[in-house]
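Q: This structure is in structure tokens; I'll ask about it shortly.
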Amino acid sequence: MKIQFKFGNLKGLNVIAYLLLFGGLLRLFSGLYDFFKVQSKLDFLEKLDFLVENALLFGLNGLILFLILKWMAVQLRGKDFEMSLK
Numbered sequence: 427m428k429i430q431f432k433f434g435n436l437k438g439l440n441v442i443a444y445l446l447l448f449g450g451l452l453r454l455f456s457g458l459y460d461f462f463k464v465q466s467k468l469d470f471l472e473k474l475d476f477l478v479e480n481a482l483l484f485g486l487n488g489l490i491l492f493l494i495l496k497w498m499a500v501q502l503r504g505k506d507f508e509m510s511l512k
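Quick look at the structure:
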């Protein structure tokens with residue numbers, strides 16, 4: 427049995443990548459807002475922990491996922507996938 431698949435231009439993967447980038451940036455800015463406005467009653471180390479955990483970590487995760495999906499879209503665009511099963 428032979429399985430063949432052509433990837434095409436993968437427009438949907440680019441859309442998903444940009445949505446993840448937008449979500450990561452939104453999470454980054456909401457974490458920064460919380461750091462400066464909402465969490466003002468915490469001491470400095472608790473604020474720093476909150477900033478790293480919420481703003482930077484989730485923003486960085488969104489950026490990494492965006493870069494991986496963009497790389498996949500470029501590498502797979504127009505490629506053929508073929509697999510044989512015995």
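Using our numbering, you'd call the opening residue of the sequence shown number 427 and step up by one each time. Beta carbons are placed, not taken as given, at the ideal position from N, Cα and C, and that holds for glycine.
(1) Let me know if glycine 485 comes out buried or exposed under the rule of 16 or more other beta-carbons within 10 Å of its beta-carbon.
(2) Given a threshold of 16 other Cβ atoms within 10 Å of its Cβ, counted over all protein chains shown, does phenylalanine 492 qualify as buried or as exposed?
(3) Using only the alpha-carbon positions, how far apart do phenylalanine 448 and phenylalanine 455 sit?
(4) Suppose the cutoff is 6 angstroms on Cβ atoms and the five residues either side in sequence are ignored; what does the same chain contact list for phenylalanine 507 look like?
(5) Going by DSSP, name the residue or residues bridged to aspartate 506.
(6) State the start and end residues of the unbroken alpha helix (DSSP H) segment that holds phenylalanine 448.
(7) Going by C-alpha to C-alpha distance, which of Val500, Ser510, Lys473, Tyr459 sits closest to phenylalanine 433?
A: Let me spell this out:
(1) By the neighbour-count criterion, in which a residue is buried when 16 or more other Cβ atoms sit within 10 angstroms of its Cβ, glycine 485 is buried.
(2) Buried, since its Cβ has 16 or more Cβ neighbours within 10 Å.
(3) Cα to Cα, phenylalanine 448 sits roughly 11 angstroms from phenylalanine 455.
(4) Excluding positions up to five away in sequence, the list reads Phe431.
(5) Bridge partners of aspartate 506: Lys432.
(6) Its alpha helix (DSSP H) spans residues 437-459.
(7) Here the closest residue by C-alpha is Val500.
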